[in-house]
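Visitor:
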Ligand SMILES: Cc1cc2nc3c(=O)[nH]c(=O)nc-3n(C[C@H](O)[C@H](O)[C@H](O)COP(=O)(O)OP(=O)(O)OC[C@H]3O[C@@H](n4cnc5c(N)ncnc54)[C@H](O)[C@@H]3O)c2cc1C
Ligand code: SF4
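Residue numbers (our numbering), protein chains in the order written: chain A, 1 to 557; chain B, 558 to 734.
(1) Could you check whether the Cβ of residue 637 (chain B) sits closer than 7 Å to any heavy atom belonging to ligand 1?
(2) What number of angstroms, rounded off, separates the C-alpha of residue 48 (chain A) from the C-alpha of residue 666 (chain B)?
(3) Output yes if chain B places a C-beta closer than 8 Å to the C-beta of residue 561 (chain A); else output no.
(4) Consider the C-beta atom of residue 235 (chain A) and the heavy atoms of ligand 2; say whether any pair is separated by less than 7 Å.
(5) Taking the alpha carbon of residue 20 (chain A) as the point to measure from, which residue in A:198, A:375, A:530 and A:251 has its own alpha carbon closest?
(6) Residues in the stretch 178-192 of chain A with C-beta within 7 Å of chain C's C-beta atoms, listed in sequence order?
(7) Residue 265 (chain A) by DSSP, collapsed to three states: which one?
(8) Within this structure, are the beta carbons of residue 463 (chain A) and residue 370 (chain A) separated by less than 8 Å?
(9) Going along the chain, which unbroken runs of the beta strand (DSSP E) with 3 or more residues stay wholly within the stretch 294-356 of chain A?
(10) Going by the DSSP bridge assignment, what does residue 716 (chain B) pair with across the sheet?
(11) Report yes or no: is there a C-beta of chain B within less than 8 Å of the C-beta of residue 434 (chain A)?
(12) Less than 8 Å between the beta carbons of residue 598 (chain B) and residue 620 (chain B), yes or no?
(13) Measure the CB-CB distance between residue 309 (chain A) and residue 517 (chain A) and report whether it falls below 8 Å.
(14) Using a Cβ-Cβ cutoff of less than 8 Å, which residues in the same chain neighbour residue 583 (chain B) once the five nearest sequence positions on both sides are dropped?
(15) Could you check whether residue 509 (chain A) and residue 502 (chain A) sit closer than 8 Å to each other, using their CB atoms as the reference points?
(16) May I ask whether a heavy atom of ligand 2 can be found less than 7 Å away from the beta carbon of residue 361 (chain A)?
(17) Does residue 661 (chain B) come out as helix, strand or coil in the three-state DSSP assignment?
(18) What would DSSP say about residue 491 (chain A), mapped onto helix, strand or coil?
(19) Mark residue 295 (chain A) as exposed unless 16 or more other C-beta atoms lie within 10 angstroms of its C-beta, in which case mark it buried.
(20) Mapping DSSP to helix, strand and coil, what is residue 3 (chain A)?
(21) Whose CA, out of A:62, A:384, A:74 and A:69, lies closest to the CA of residue 627 (chain B)?
(22) Between residue 507 (chain A) and the rest of its own chain, which residues show a CB-CB distance below 7 Å, the 5 nearest in sequence each way excluded?
(23) Put residue 278 (chain A) into one of helix, strand or coil per three-state DSSP.
(24) Distance check for residue 676 (chain B) and residue 719 (chain B), CA to CA, integer angstroms please.
(25) Write down the C-beta distance between residue 28 (chain A) and residue 7 (chain A) rounded to the nearest angstrom, noting that I regard them as a contact closer than 8 Å.
(26) In chain order, what residues of the same chain have a beta carbon less than 7 Å from the beta carbon of residue 182 (chain A), not counting five sequence neighbours either side?
(27) Under the assumption that residue 30 (chain A) contacts residue 261 (chain A) (Cβ atoms under 8 Å), give the Cβ distance between them as a whole number of angstroms.
(28) Which residues mark the beginning and the end of the alpha helix (DSSP H) in which residue 441 (chain A) is found?
(29) Quick one: what does DSSP say residue 431 (chain A) is sitting in, helix, strand or coil?
(30) Quick one: list the residues of chain A neighbouring residue 725 (chain B), beta-carbon separation under 7 Å, in chain order.
(31) Check each residue of the stretch 202-231 of chain A: if its Cβ is closer than 8 Å to any Cβ of chain B, include it; give the result in chain order.
(32) Listing by chain order, which chain A residues have their CB less than 8 Å from the CB of residue 677 (chain B)?
(33) According to DSSP, which residues form a beta bridge with residue 174 (chain A)?
(34) Count the C-beta pairs between the stretch 327-340 of chain A and the stretch 404-418 of chain A that are closer than 8 Å, then say yes if the count reaches three, no if not.
(35) Starting from residue 612 (chain B), find everything on chain A with Cβ-Cβ shorter than 8 Å and list it in chain order.
(36) Does ligand 1 have even one heavy atom less than 7 Å from the beta-carbon of residue 8 (chain A)?
Here it is, written out as structure tokens:
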């Protein structure tokens, strides 16, 4: 079995690597540890009503405690979406004594492209220059100008709806028409802008299409907001709806599922990887695949795991920083408020995105209180339905009548703070514990520092201030981050940098040590910004694939 | 999948597929062990959500759902026998009392729980399960409230009339409302 390239993982970035490499004419093998999920045919809960489900969509709590003890802590995890999340009992990991890290995962064809929240934001030079500016972490070897054309390419292909706002900190992209702000959000946007012209509330830029791509079999979004069950309309970006069919069309792609890559094969004589070793989980046999180059796209932590497991001390780790400087956004519910005055207004349909208030501090002036980077808000305004009854005393006819009608409007703002890269936040292999395949378990050591706490404290105060200015009555707000991992933006561990002595990858997402090895998922990130990262992973993947094909053609790898 | 000429055609195809999927056999519904508390929970569910223009919670099987849910620890109920507690809290003769007495006894328990009486606290989880059972039943979810699986559009601002029914399919509202 010999290929031009092996792509490990079929999620958001693996799909992009496979598409770009196959479209360039390379013969590609994609290896995925999870089961096959076919577009449209295998979204088993997509069309189910709550009353079709044994536990009404809420799920069997005993089962969740037993098998999904971590996944169940994520609000996207329900009885409907459970088939798209990993079984924790079968996929254990360890955390350090002072670490709480909830690792939310999807091991299946499509990875977390099926379950993601689809929020799609460009990073700006405030983000790529962050490490250089405040001296924490290592400087990114790229800037916005390097990645901008790749953002264009990715957005156009996956289909992103959003509003152009002309913001330096959140550059506009190739957008389909935006989804609409609802009546309350429109009001809040205007009130915030009046008082704080530099703060912009806009509709969440999302990889849910407002215009179809019939030539690719993708219909526009139907406003159901049940995306993580899988979408037969192909209306949101997933591997299944978008990159996989494109890669398959080339005739150059081979996909193997149920195959856990345990390590890369490395030839010290040539200083090249020759392929991968994997476990066929159906037959429980160990196999090898060979290729001229390897793209690691197993998800940040799993890509690092594979490298750590490939050689004593880790492969491609002459710098010694492999596994270090991992990050996840610190996040919390900064404010929730009642929004009176809209009792005679309602909406129809389920918009599958919320709002965003992009970063507005520590830009050209350092005005953050106790921190040097950014935070932003996501959230939205919504009207209550029957679940308000959980908080309401009463029984009988009157109670039933109250719950029959939409309840009061509320608005929530969830803060996301930049996470400073720190050497002490790191991944290692557990020296003792192994998984069902006999592979050492990953161990996570992680703590947020004073910067993240300071940013979330400022976020809490300012979220309340904004909602009050818009006429809201604040009900609650928090300034302590949820456990690390809560943002589901875990990244870093094989950071990019100028210097092979202090970084794992160069500016092409290519190993400094091993020329035919590329890591193009979140592991490559040198800083975290405060916006959702997957668009940037995709753009970097497309950029790296292009570079790799060039190097291969020139005989350099 | 077949080639589609237009979005409309595609939508119809998908709608057809949805129907197919809806009638495809589902894994057998989980059934609770037969329980001596069945009549009590049926009655209590019916008292919380009585019949109006639409059937009440007891009538659509919410009592049985609550027992199933308790059996599987939903809403943090694991480790405490909520059904037995409820029976004690309402008194042994509860089911034989006249409707007005049953109603006032339950209303009093509910009021105590919402006033923060620790001794009445288990009621909060039972009540949540009754609401869950009712508003995710076909009757509660789609007759008492409205359920639209495929809205097809988003209207950001519509007039709301006092008679307009809420949507049980507004997932964001269910989660955060
Ligand atoms: C509920 C949820 C909401 C989210 N919302 C957003 C959002 O709004 N915006 C955003 O930008 N991001 C969001 N994310 C994060 C986003 O999903 C990830 O950043 C993204 O999927 C990462 O892409 P990836 O290709 O690196 O990894 P994944 O998509 O996780 O794919 C990795 C794949 O590799 C496979 N794999 C792992 N290990 C091995 C191995 N050893 N051998 C073979 N295969 C392997 C996995 O099974 C998986 O299929 C969200 C995530 C979740 C779960
Ligand atoms: S909201 Fe749109 S993208 Fe999400 S599942 Fe429905 S149709 Fe698909």
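Positions of the beta carbon are idealized from the N, C-alpha and C atoms, including for glycine.
Remember, predicted model here, so these are calculated numbers, not experimental data.
Guide: According to the structure data:
(1) For this step, residue 637 (chain B) is matched to residue 80 along the second chain. Because no heavy atom of ligand 1 lies under 7 Å away, the Cβ of residue 637 (chain B) does not count as near it: no.
(2) Indexing the first chain from 1 puts residue 48 (chain A) at position 48. Indexing the second chain from 1 puts residue 666 (chain B) at position 109. Approximately 36 Å, taken between the alpha carbons.
(3) Because chain A spans 1 through 557 in this model, residue 561 (chain A) falls outside it and cannot be assessed.
(4) Counting from 1 along the first chain, the entry for residue 235 (chain A) is found at position 235. Residue 235 (chain A): yes, Cβ under 7 Å from ligand 2.
(5) One-based indexing of the first chain puts residue 20 (chain A) at position 20. That would be A:251, whose Cα lies nearest to the Cα of residue 20 (chain A).
(6) Note that chain C does not occur in the displayed structure, where the protein chains are A and B.
(7) Residue mapping note: residue 265 (chain A) aligns to position 265 of the first chain, counting from 1. Here residue 265 (chain A) sits in strand by DSSP.
(8) Position 463 of the first chain holds residue 463 (chain A). Position 370 of the first chain holds residue 370 (chain A). For residue 463 (chain A) and residue 370 (chain A), no; Cβs fall outside 8 Å.
(9) 330-338 and 345-348
(10) Taking the second chain and counting its residues from 1, one reaches residue 716 (chain B) at position 159. Its beta-bridge partners are A:345.
(11) Numbered from 1 along the first chain, position 434 holds the residue referred to as residue 434 (chain A). Cβ-Cβ to chain B under 8 Å: no for residue 434 (chain A).
(12) Taking the first residue of the second chain as 1, we reach residue 598 (chain B) at position 41. Taking the first residue of the second chain as 1, we reach residue 620 (chain B) at position 63. Yes.
(13) Taking the first chain and counting its residues from 1, one reaches residue 309 (chain A) at position 309. Taking the first chain and counting its residues from 1, one reaches residue 517 (chain A) at position 517. Contact: no.
(14) Locating residue 583 (chain B) in the second chain gives position 26, where the first residue counts as 1. Annotation note: pLDDT 40 at residue 583 (chain B) (below 50); position unreliable, no value reported.
(15) Reading the first chain from its first residue, position 502 is the one you call residue 502 (chain A). Reading the first chain from its first residue, position 509 is the one you call residue 509 (chain A). Not in contact: residue 502 (chain A) and residue 509 (chain A) (Cβ atoms no closer than 8 Å).
(16) Taking the first residue of the first chain as 1, we reach residue 361 (chain A) at position 361. Flag unset: Cβ of residue 361 (chain A) not near ligand 2.
(17) As a working note, residue 661 (chain B) is residue 104 in the second chain. The answer is helix: DSSP assigns residue 661 (chain B) an H, G or I state.
(18) Position 491 of the first chain, counted from the first residue, corresponds to residue 491 (chain A). Residue 491 (chain A) falls in the strand class under three-state DSSP.
(19) The residue you call residue 295 (chain A) lines up with position 295 of the first chain. Residue 295 (chain A) should be labelled buried.
(20) Numbered from its first residue, the first chain carries residue 3 (chain A) at position 3. Looking at residue 3 (chain A) - three-state DSSP - the assignment turns out to be strand.
(21) The residue labelled residue 627 (chain B) in the question sits at position 70 within the second chain. Ranking A:62, A:384, A:74 and A:69 by Cα distance to residue 627 (chain B) puts A:62 first.
(22) Along the first chain, one-based indexing puts residue 507 (chain A) at 507. Contacts found: 141, 142 and 496.
(23) Translated into positions along the first chain, residue 278 (chain A) becomes position 278. Three-state DSSP puts residue 278 (chain A) in a strand.
(24) Position 162 of the second chain holds residue 719 (chain B). Position 119 of the second chain holds residue 676 (chain B). Straight-line Cα distance between these residues: approximately 37 Å.
(25) Start at 1 with the first residue of the first chain, and residue 28 (chain A) comes out as number 28. Start at 1 with the first residue of the first chain, and residue 7 (chain A) comes out as number 7. Correct: roughly 6 Å between the Cβ atoms.
(26) By 1-based counting over the first chain, the position of residue 182 (chain A) is 182. Cβ neighbours of residue 182 (chain A) beyond the five flanking positions: 347 and 381.
(27) As a position in the first chain, residue 30 (chain A) is number 30, starting the count at 1. As a position in the first chain, residue 261 (chain A) is number 261, starting the count at 1. That pair is no contact at about 11 Å.
(28) What you label residue 441 (chain A) is simply residue 441 of the first chain in a count that begins at 1. Note, residue 441 (chain A): premise wrong, no alpha helix (DSSP H); beta strand (DSSP E) at 440-445.
(29) Residue mapping note: residue 431 (chain A) aligns to position 431 of the first chain, counting from 1. In this structure, residue 431 (chain A) counts as strand in the three-state DSSP scheme.
(30) Residue mapping note: residue 725 (chain B) aligns to position 168 of the second chain, counting from 1. Here the neighbours are 385 and 386.
(31) 212, 214, 217, 219, 220, 222, 223, 224, 225 and 226
(32) If you number the second chain from 1, residue 677 (chain B) lands on position 120. Going along chain A, no residue has its Cβ under 8 Å from residue 677 (chain B), so there is no contact; the nearest lies around 11 Å.
(33) On the first chain, position 174 is the one that residue 174 (chain A) refers to. None, per the DSSP bridge assignment.
(34) yes
(35) Taking the first residue of the second chain as 1, we reach residue 612 (chain B) at position 55. In chain order: nothing, as chain A lies at least about 11 Å away.
(36) On the first chain, position 8 is the one that residue 8 (chain A) refers to. Yes, ligand 1 has a heavy atom inside 7 Å of this Cβ.
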